[in-house]
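Residue numbers (mature numbering (1 follows the signal peptide of the UniProt record, and there is no 0)): -32 to -1, 1 to 261. Where is the CB? At the ideal position from N, CA and C, for every residue including glycine.
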């Protein structure tokens, strides 16, 4: 049955008194709904000794960095992120887990560009970075679709953003390290984060949440290498001009980062708001890392 504009206005007025209560309820349930993803090692790092916990409640991490080893470095090479067999087995389509890995590589490449010159050959680099996806907690695609429909329907009545349903949330775990020319570990991180119902948009894909979280890891690890200290202390800083340009789909600072493709930018943000899978807006990577234990 269709409704006139006047009917819809009446409906909104009638629902206004319950809107604050409904929003409070949704916010409380969403705050409690966050996927817990354990830290997981894939034995791809030179060493796990000396890793310190960040004691985070949302983002879990164990990390170490040697600012002295990084101080003299000028060039850096970013390897293609690999997917461990355990992580790959949780996703039906290998192309989707490869998409998550590529987002990590892209975010790492753009992030380290703030401090280092990114080169396209590892033999020309003072530091080499490699990362491995150790776990992907699949997003329940069906529930993500229901959540998107519910949110869009609720926004018709309440003209404010509504959290997604706190069911079927996904997550991501990654480990990475940076090594010098002589193979010494200059920085390492074992990282895990789960999606939450407030800040992570529901996308109809098994890797919907992992895709959204991938750039968060890339940002954390690259920030550690750029600053030579933990990325989890201090006040957040405004992103550099080159980061903003890259996030909007612009040309990266260094041509070597083009091998990971450009961010789909605003197009992907718009798609995420209506639940479209990330594969609809982000191209399949031309370079995929090969797993080697």
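Sub-7 Å separation of residue i and residue j beta-carbons
i: residue 49; j: residue 15; result: no
i: residue 87; j: residue 148; result: no
i: residue 142; j: residue 75; result: no
i: residue 160; j: residue 68; result: no
i: residue 158; j: residue 97; result: no
i: residue 137; j: residue 163; result: yes
i: residue 210; j: residue 221; result: yes
i: residue 190; j: residue 79; result: yes
i: residue 70; j: residue 185; result: no
i: residue 175; j: residue 101; result: no
i: residue 245; j: residue 171; result: yes
Spatial distance of residue i from residue j (CA atoms)
i: residue 230; j: residue 151; result: 30 Å
i: residue 29; j: residue 207; result: 22 Å
i: residue 188; j: residue 195; result: 11 Å
i: residue 40; j: residue 199; result: 20 Å
i: residue 250; j: residue 56; result: 19 Å
i: residue 192; j: residue 22; result: 12 Å
i: residue 81; j: residue 27; result: 24 Å
i: residue 144; j: residue 165; result: 27 Å
i: residue 19; j: residue 84; result: 24 Å
i: residue 53; j: residue 139; result: 16 Å
i: residue 91; j: residue 215; result: 28 Å
i: residue 226; j: residue 133; result: 36 Å
i: residue 197; j: residue 219; result: 28 Å
i: residue 146; j: residue 32; result: 10 Å
i: residue 17; j: residue 77; result: 26 Å
i: residue 203; j: residue 95; result: 27 Å
i: residue 89; j: residue 60; result: 33 Å
i: residue -24; j: residue 205; result: Residue placement at residue -24 cannot be trusted, given a pLDDT of 48 that sits under 50; the coordinates are not used to answer.
Spatial neighbours of residue i in its chain, beta-carbon cut-off 6 Å, leaving aside the 5 residues before and after
i: residue 34; result: 154
i: residue 168; result: 177, 180
i: residue 58; result: 104, 106
i: residue 7; result: 28, 158, 160
i: residue 37; result: 148, 154
i: residue 93; result: 43, 44, 45, 87
Residues bridged to residue i [DSSP beta-bridge criterion]
i: residue 192; result: DSSP output for residue 192 lists no bridge partner at all.
i: residue 143; result: 100, 158
i: residue 164; result: 2
i: residue 21; result: 30
i: residue 85; result: 43
i: residue 105; result: 139
Neighbourhood of residue i by C-beta distance below 8 Å, restricted to the same chain and skipping five residues each side
i: residue 247; result: 63, 64, 67, 173
i: residue 217; result: 230, 231, 232, 233, 234, 235
Cβ neighbours of residue i in the same chain (closer than 7 Å, five flanking residues each side left out)
i: residue 4; result: 162
i: residue 212; result: none
Residue i CB to nearest heavy atom of the ligand NAD below 6 Å
i: residue 89; result: Within the structure as shown, the ligand NAD is missing, as the structure has no ligands at all.
Three or more C-beta pairs under 8 Å: does that hold for the stretch 2 to 18 against the stretch 63 to 81?
Short answer: they don't touch.
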